[in-house]
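Be aware that the sequence shown starts at 1, since it is given in the UniProt record's numbering, and climbs by one per residue. Where is the CB? At the ideal position from N, CA and C, for every residue including glycine. Keep in mind it's a predicted model, so treat the numbers as computed, not measured.
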Amino acid sequence: MKNLFLSTMIILSMLLGTSEMRAQTTEAQLNQVELLKQYFGTWKSDYKDTTYVFVMTAYGKGMQVNFKASTKGKVIWQCKQVWGYDKESDKILGMLLNRASSSTSFYVSWFISKNVNETIEYVVRNDGKLEKTNSQWKEDFKSRDMFIQSHMINNKTVSMRTFMRVK
């Protein structure tokens with residue numbers, strides 16, 4: 001798993017290039033690794049009749065995530081994510097493995113302030129190149145035990161969820 005993660009992060013860094021991953025200026029630089037630690041723990045959100053649970057644990061200078069969505073006690077979607085800090089871009093790079101299919105998504109994430117994280121999604125095209133999707137997320141930590149996640153498509157907010165820390 002470690003070799004897969006490292007290989008994926010290297011390939012992702014090379015494919016994305018520098019146009020999407022400019023380092024922050026020195027005066028505005030935030031410690032991305034330290035800020036990422038805000039996520040460690042178990043988080044839960046109830047949205048309509050669906051419950052979302054993230055279990056996020058430390059893994060080197062990143063984290064591994066187990067995610068599950070359930071409706072009426074039945075698991076409807078499950079995935080694993082691995083996130084790691086890329087020093088050259090000063091960004092956090094992620095990969096999602098979907099349990100029910102062979103689809104894989106890649107993410108570039110960074111804190112724009114101590115409490116706000118932004119994430120953009122990439123998918124692998126048929127020719128093997130990464131392509132930016134029209135999905136992005138913003139997570140705003142309102143406290144140590146709560147963050148609000150906004151999901152945008154084509155720069156329009158399509159959903160907002162409040163996640164509460166359970167552990």
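Whole-angstrom distance between residue j and residue i, CA atom to CA atom
{"i": "histidine 151", "j": "lysine 48", "result": "16 Å"}
{"i": "glutamine 149", "j": "valine 55", "result": "16 Å"}
{"i": "aspartate 90", "j": "tyrosine 39", "result": "18 Å"}
{"i": "asparagine 155", "j": "lysine 72", "result": "31 Å"}
{"i": "valine 82", "j": "threonine 162", "result": "22 Å"}
{"i": "serine 135", "j": "glutamine 78", "result": "19 Å"}
{"i": "leucine 130", "j": "glutamate 121", "result": "10 Å"}
{"i": "serine 101", "j": "isoleucine 76", "result": "13 Å"}
{"i": "serine 113", "j": "serine 103", "result": "31 Å"}
{"i": "serine 143", "j": "asparagine 126", "result": "42 Å"}
{"i": "serine 70", "j": "glutamate 88", "result": "38 Å"}
{"i": "methionine 164", "j": "aspartate 46", "result": "10 Å"}
{"i": "leucine 35", "j": "glycine 62", "result": "11 Å"}
{"i": "asparagine 66", "j": "glycine 128", "result": "26 Å"}
{"i": "methionine 160", "j": "lysine 80", "result": "21 Å"}
{"i": "asparagine 98", "j": "lysine 44", "result": "19 Å"}
8 Å contact criterion, which residue i and residue j should meet: CB distance rounded
{"i": "tryptophan 137", "j": "threonine 119", "result": "4 Å"}
{"i": "glutamine 32", "j": "phenylalanine 111", "result": "6 Å"}
{"i": "tyrosine 116", "j": "aspartate 145", "result": "Here the sequence assigns valine to residue 116, which means tyrosine is not the residue at that position. 17 Å between Cβ atoms; not a contact."}
{"i": "threonine 42", "j": "lysine 167", "result": "4 Å"}
{"i": "leucine 96", "j": "aspartate 86", "result": "At roughly 17 Å, the Cβ-Cβ gap does not stay under 8 Å, so leucine 96 and aspartate 86 are not in contact."}
{"i": "lysine 74", "j": "valine 53", "result": "About 14 Å separates the two Cβ atoms, so there is no contact after all."}
Residue i - containing beta strand (DSSP E), residue span
{"i": "glutamate 34", "result": "Unbroken run through glutamate 34 is the alpha helix (DSSP H), 32-36; no beta strand (DSSP E)."}
{"i": "glutamine 29", "result": "Run containing glutamine 29: none; DSSP gives neither H nor E here."}
{"i": "lysine 68", "result": "62-71"}
{"i": "aspartate 98", "result": "Reading off the sequence, residue 98 comes out as asparagine, not aspartate. Here the beta strand (DSSP E) through asparagine 98 covers 91-98."}
{"i": "aspartate 120", "result": "Residue identity differs from the one stated: residue 120 is isoleucine in this sequence, not aspartate. Note, isoleucine 120: beta strand (DSSP E), 116-124."}
{"i": "serine 143", "result": "130-143"}
{"i": "isoleucine 76", "result": "74-86"}
{"i": "aspartate 46", "result": "41-47"}
Cβ-based neighbour list, residue i, same chain, cut-off 8 Å, excluding 5 preceding and 5 following
{"i": "glycine 60", "result": "Gly84"}
{"i": "lysine 132", "result": "Glu20, Ile120, Glu121 and Tyr122"}
Closer than 7 Å: residue i CB and nearest the ligand ZN heavy atom
{"i": "tyrosine 107", "result": "What this structure holds is no ligand at all, so the ligand ZN is not there to describe."}
Cβ shell of residue i (< 6 Å), same chain only, five flanking positions each side left out
{"i": "isoleucine 153", "result": "Asn134 and Ser135"}
Contact set for residue i: own chain, Cβ-Cβ below 7 Å, skip 5 residues either direction
{"i": "alanine 58", "result": "Phe40"}
{"i": "phenylalanine 147", "result": "Glu139, Asp140, Phe141 and Phe163"}
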